[in-house]
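Q: Quick one: structure below, then a few questions.
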Ligand code: GLN
């Protein structure tokens, strides 16, 4: 597959050819199930004149059906473009194809989608990860040049690791959330999927920047990363020891090999422990569900998408939401409503906010000595469909990714090899807030070393 960098230098005629070519590939690899349109039995067409880019089904593209892979949003048509979509269009890219995802981005396997399965490009019996599983499978499976996803607790980095591509979550506030269907507003960020680090940096530059329509958008100076990429810088890299200890043998082995390679290349490796990891999952699942319960209250059958038949207003709300949301979404709305309810607010929500500060401080401590943190992305490689039935076990998929969202930091997943079943393994760099240059430079250095 052609890279974004190459595509950016094509003329109009060549891009037209490229689009035809891509459509053919997508049709040939239909079984992958990366695109909602195909899972729906619809024709996928690429209109627009620019370089085609695949978009997760929770980002508004004007006149598209945008459904967050939920039954409740069937029939909804986006009336406007998200900030990132405007950016893409002015950079000469054309959004096409909605990529499959876990319903409302809640999940780690894309199995909670209303539309059905997206398969792992390396093994059709395994999940692509989630929640941006469609975007990861599309790029990793050679049916997209680049794609956009969203990451609330790992939803870009984890599927990128499972599908053998690069996936990056920007610093909170760096990329506009205007037009991203909100899951957990204090954690959500849109970010790029790409075939290599340089493409991810190019796409990151295109979508980044201040947007006054997003009140949490960071209004601070922005310097493009891609033109300044430098893989020769030498870094002090902190490896989080206890992350490695908890990972499966195959993930740990690959990580250790890559740490040796980084050392050899002249980077200084230091070892650090994170003592508060036991709070990560609990903190995340209180804050994320609390915010989700508020954000998802707008889907009432009156304003968006599906509406149930009912005799009165109360029944309309109840039936629409009862029929429209899947089990995982309902579980989270219930949990989130509970932790926000009077009498429990202090015990859960306020406590979680305090724990969030502790987690943030812990990262800041490590960054006093290190330029970058190096960690696994996932405890294991991609698992088989249906093999994780317990929701709590699924939540533990995120142990290496969610703290990064809680602390608002940028992170990137880079492929570092395969397990003995041929499934990809990813490693993660984490950088200081707004230091995306160092993040991408480190990732590029690693990519080069491993080549
Ligand atoms: N797997 C995590 C969850 O289910 C993260 C999802 C995400 O980042 N959107 O909440």
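Numbering (our numbering), first residue to last: 1 to 451. Yeah, the Cβ is synthetic: ideal placement off N, Cα and C, and Gly gets one too. None of the values given here were measured: they were computed from a predicted structure.
Quick one: residues in its chain with C-beta nearer than 6 Å to the C-beta of residue 290, no 5 flanking neighbours on either side, listed in chain order?
A: By one-based count along the chain shown, residue 290 stands at place 290. Excluding sequence neighbours, residue 290 sits near 336, 339, 340, 349.
Q: Consider the C-beta atom of residue 106 and the heavy atoms of the ligand GLN; say whether any pair is separated by less than 8 Å.
A: Within the chain shown, numbered from 1, the residue matching residue 106 stands at position 106. Indeed, a heavy atom of the ligand GLN lies less than 8 Å from the Cβ.
Q: Helix, strand or coil for residue 84 per DSSP?
A: For the purposes of this step, residue 84 is taken as residue 84 along the chain shown, with counting starting at 1. Residue 84 falls in the helix class under three-state DSSP.
Q: Shorter than 8 Å, the distance from the beta carbon of residue 405 to the closest heavy atom of the ligand GLN, or not?
A: For the purposes of this step, residue 405 is taken as the residue at position 405 of the chain shown. Yes - the ligand GLN has a heavy atom lying nearer than 8 Å to the Cβ of residue 405.
Q: For residue 411, which beta-bridge partners are listed by DSSP?
A: To locate residue 411, count along the chain shown from 1; it is residue 411. Residue 411 is bridged to 169, 430.
Q: Is residue 69 near the ligand GLN - that is, is its Cβ less than 8 Å away from at least one heavy atom of it?
A: The residue given as residue 69 occupies position 69 in the chain shown. False, no ligand heavy atom lies under 8 Å from that Cβ.
Q: Indicate whether residue 88 and residue 50 have their beta-carbon atoms separated by less than 9 Å.
A: Residue numbering aside, residue 88 sits at position 88 when the chain shown is read from its first letter. Residue numbering aside, residue 50 sits at position 50 when the chain shown is read from its first letter. Taking 9 Å as the Cβ cut-off, residue 88 and residue 50 qualify as a contacting pair.
Q: My guess is that residue 407 and residue 360 are in contact by the Cβ rule of under 8 Å, so how many angstroms apart are they, rounded?
A: The count along the chain shown starts at 1 and reaches residue 407 at position 407. The count along the chain shown starts at 1 and reaches residue 360 at position 360. Sure, about 4 Å apart at Cβ, within 8 Å.
Q: Could you tell me if residue 98 is buried or exposed, where buried requires 16 or more neighbouring beta carbons within 10 angstroms of its beta carbon?
A: As a first step, residue 98 is located in the chain shown; it is residue number 98 there, counting from the start. Counting Cβ neighbours within 10 Å, residue 98 comes out buried, since at least 16 surround it.
Q: Use the C-beta contact count for residue 366: other C-beta atoms within 10 angstroms, 16 or more gives buried, fewer gives exposed.
A: Your numbering for residue 366 matches position 366 in the chain shown. Burial call: buried.
Q: Determine which residues share a DSSP beta bridge with residue 175 and list them.
A: Residue mapping note: residue 175 aligns to position 175 of the chain shown, counting from 1. Paired residues: 208.
Q: With DSSP run on the structure shown, which of helix, strand or coil describes residue 239?
A: By one-based count along the chain shown, residue 239 stands at place 239. Note: residue 239 maps to strand in three-state DSSP.
Q: Among 351, 65, 57, whose alpha-carbon lies nearest the alpha-carbon of residue 110?
A: Locating residue 110 in the chain shown gives position 110, counting from the first residue. Per the Cα distances, 57.
Q: If the criterion is Cβ atoms closer than 9 Å, does the pair residue 198 and residue 20 meet it?
A: Counting from 1 along the chain shown, the entry for residue 198 is found at position 198. Counting from 1 along the chain shown, the entry for residue 20 is found at position 20. Taking 9 Å as the Cβ cut-off, residue 198 and residue 20 do not qualify as a contacting pair.
Q: Would you check if the distance between the CB atom of residue 151 and the CB atom of residue 405 is smaller than 9 Å?
A: Within the chain shown, residue 151 is the residue found at index 151, counting from 1. Within the chain shown, residue 405 is the residue found at index 405, counting from 1. Closer than 9 Å, so yes.
Q: Does the beta-carbon of residue 412, which I'm using as the reference point, lie nearer than 8 Å to any heavy atom of the ligand GLN?
A: If you number the chain shown from 1, residue 412 lands on position 412. Outside the cutoff, so no.
Q: Use the C-beta contact count for residue 411: other C-beta atoms within 10 angstroms, 16 or more gives buried, fewer gives exposed.
A: Translated into positions along the chain shown, residue 411 becomes position 411. Burial call: buried.
Q: Using a 10 Å radius around the Cβ and a threshold of 16 neighbouring Cβ atoms, would you call residue 309 buried or exposed?
A: Stepping through the chain shown from its first residue, residue 309 is reached at position 309. With fewer than 16 other Cβ atoms within 10 Å, it is exposed.
Q: For residue 26, report the span of its alpha helix (DSSP H) as first-last.
A: Here residue 26 refers to the residue found at position 26 when the chain shown is read from its first residue. That run of the alpha helix (DSSP H) goes 12-28.
Q: Can we count residue 183 as close to the ligand GLN, meaning its CB is less than 8 Å from some heavy atom?
A: Taking the first residue of the chain shown as position 1, residue 183 is located at position 183. It does: the Cβ of residue 183 is within 8 Å (strictly closer) of some heavy atom of the ligand GLN.
Q: For residue 125, collect the residues of the same chain with a Cβ closer than 6 Å to its Cβ; drop the 5 residues on either side in sequence, then sort them by chain order.
A: Start at 1 with the first residue of the chain shown, and residue 125 comes out as number 125. Excluding residues within five positions, the ones whose Cβ falls inside 6 Å are 384.
Q: Measuring straight from C-alpha to C-alpha, what distance separates residue 67 and residue 392?
A: Within the chain shown, numbered from 1, the residue matching residue 67 stands at position 67. Within the chain shown, numbered from 1, the residue matching residue 392 stands at position 392. So the alpha carbons of these two residues sit roughly 26 Å apart.
Q: Report yes if the C-beta distance between residue 190 and residue 82 is below 9 Å; otherwise report no.
A: Along the chain shown, one-based indexing puts residue 190 at 190. Along the chain shown, one-based indexing puts residue 82 at 82. Yes. Within cutoff.
Q: Let me confirm a value: residue 436 is counted as buried when at least 16 other C-beta atoms fall within 10 Å, else exposed. Which label applies?
A: Mapped onto the chain shown, residue 436 falls at position 436. Burial call: buried.
Q: If you measure from the CB of residue 288, is any heavy atom of the ligand GLN nearer than 8 Å?
A: Reading the chain shown from its first residue, position 288 is the one you call residue 288. Indeed, a heavy atom of the ligand GLN lies less than 8 Å from the Cβ.
Q: Answer yes if the segment 98-108 comes into contact with the segment 149-165, meaning at least three C-beta pairs across the two stretches below 8 Å, and no otherwise.
A: The answer is yes - the segment 98-108 touches the segment 149-165, with three or more Cβ pairs under 8 Å.
Q: Quick check: residue 85 and residue 62, are their CB atoms within less than 9 Å of each other?
A: Indexing the chain shown from 1 puts residue 85 at position 85. Indexing the chain shown from 1 puts residue 62 at position 62. In contact: residue 85 and residue 62 (Cβ atoms closer than 9 Å).
Q: Give the C-beta separation of residue 235 and residue 372 to the nearest angstrom, bearing in mind that I take them to be a contact with Cβ-Cβ under 8 Å.
A: In the chain shown, counting from the first residue as 1, residue 235 sits at position 235. In the chain shown, counting from the first residue as 1, residue 372 sits at position 372. Right, their Cβ atoms sit about 5 Å apart.
Q: Have a look at the DSSP bridge pairing and note the partners of residue 94.
A: Taking the first residue of the chain shown as 1, we reach residue 94 at position 94. In the DSSP output, where bridge partners are listed per residue, residue 94 has 52.
Q: Give me the residue from 53, 248, 178, 77 with the minimum Cα distance to residue 304.
A: The count along the chain shown starts at 1 and reaches residue 304 at position 304. Ranking 53, 248, 178, 77 by Cα distance to residue 304 puts 77 first.
Q: Is it the case that the Cβ atoms of residue 452 and residue 283 are separated by a distance below 9 Å?
A: For residue 452 there is no data in the structure shown, the boundaries of the chain being 1 and 451.
Q: Quick one: what's got a C-beta closer than 7 Å to residue 208's C-beta in the same chain, skipping five residues either side?
A: Position 208 of the chain shown holds residue 208. Closer than 7 Å at Cβ, skipping near neighbours: 170, 174, 175, 222.
Q: Would you check if the distance between the CB atom of residue 363 and the CB atom of residue 220 is smaller than 9 Å?
A: Residue mapping note: residue 363 aligns to position 363 of the chain shown, counting from 1. Residue mapping note: residue 220 aligns to position 220 of the chain shown, counting from 1. No, these two residues do not count as a Cβ contact at 9 Å.
Q: Just to confirm, is the Cβ distance from residue 94 to residue 59 under 9 Å?
A: Numbered from its first residue, the chain shown carries residue 94 at position 94. Numbered from its first residue, the chain shown carries residue 59 at position 59. No. Outside cutoff.
Q: So does residue 284 have its beta carbon nearer than 8 Å to some heavy atom of the ligand GLN?
A: Against the chain shown, residue 284 aligns to sequence position 284. Residue 284: yes, Cβ under 8 Å from the ligand GLN.
Q: Let me check one thing: in DSSP terms, what residues is residue 99 bridge-paired to?
A: Here residue 99 refers to the residue found at position 99 when the chain shown is read from its first residue. Residue 99 pairs with 35, 56.
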